[in-house]
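Below is one structure, written out as structure tokens; the observations come after it.
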Amino acid sequence: MTVIKINAITVPTSAGDELAHRFAKRAGAVDGQEGFEGFELLKPTDDREQWLVVTRWRDEESFQAWLSSPAFGHGHRSESERSGGEAPKPVSTHSEVWSYEVADLSQG
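1 is the number of the first residue of the sequence shown in my numbering; add one for each residue after it.
Printed below as a string of structure tokens:
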């Protein structure tokens, strides 16, 4: 059964573009991970400050394997850090991970 992980990231409105830019720089970093099924970065279209990072995994074991993999650490370092520089200042003020599984589905 597909497992869905949602990272709800609180980002001040003024920093949203920077968050999107940082994700774009590491696009595809998780694509080859065993059990990975998909990724979406959802930008709020109302007054909320929560951006949602939605990933889909074949199962919990696949997600946990990715969390403990070198690819996870590498993908979460900035371009500057990967080339030996300093980490940029965080753009988020809070983050929490939610876990779901599909209970019902319609393909439209």
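Virtual Cβ for every residue (Gly too), placed ideally from N, Cα, C.
- Message: If the criterion is Cβ atoms closer than 8 angstroms, does the pair residue 19 and residue 51 meet it?
- Response: Working through the sequence shown from its first residue, we reach residue 19 at position 19. Working through the sequence shown from its first residue, we reach residue 51 at position 51. Contact flag set, yes.
Assign residue 98 to one of two classes, buried (16 or more other C-beta atoms within 10 Å of its C-beta) or exposed (fewer than that). Start at 1 with the first residue of the sequence shown, and residue 98 comes out as number 98. Result: exposed.
Neighbourhood of residue 55 by C-beta distance below 6 angstroms, restricted to the same chain and skipping five residues each side: Sequence index remark: in the sequence shown, residue 55 carries index 55 (1-based). Taken in chain order, the residues that qualify are 5, 39.
Residues near residue 44 in its chain [Cβ-Cβ closer than 7 angstroms; skip 5 each side]
By one-based count along the sequence shown, residue 44 stands at place 44. Excluding sequence neighbours, residue 44 sits near 50, 51.
Handout entry: With 16 other Cβ atoms within 10 Å as the buried cut-off, status of residue 11
Key = Numbered from 1 along the sequence shown, position 11 holds the residue referred to as residue 11. By the 10 Å Cβ count, residue 11 comes out buried.
- request: Report the three-state DSSP secondary structure of residue 20 (helix, strand or coil).
  value: The residue you call residue 20 lines up with position 20 of the sequence shown. Note: residue 20 maps to helix in three-state DSSP.
* Asked: Between which two residues does the alpha helix (DSSP H) harbouring residue 62 extend?
  -> Counting from one through the sequence shown, the residue named residue 62 turns up at place 62. Per DSSP, residue 62 belongs to the alpha helix (DSSP H) from 60–67.
Q. Where residue 42 and residue 53 are concerned, what is the direct C-alpha to C-alpha distance, given to the nearest angstrom?
A. Numbered from 1 along the sequence shown, position 42 holds the residue referred to as residue 42. Numbered from 1 along the sequence shown, position 53 holds the residue referred to as residue 53. Those two C-alpha atoms are separated by around 6 angstroms.
Can you tell me the Cα-Cα spacing of residue 72 and residue 28, whole angstroms? Here the question's residue 72 lines up with position 72 in the sequence shown. Here the question's residue 28 lines up with position 28 in the sequence shown. Roughly 12 angstroms between the two C-alpha positions.
Report buried or exposed for residue 102, applying the criterion of at least 16 other Cβ atoms within 10 angstroms of its Cβ.
As a first step, residue 102 must be located in the sequence shown, where it is residue number 102. Flag for residue 102 reads exposed.
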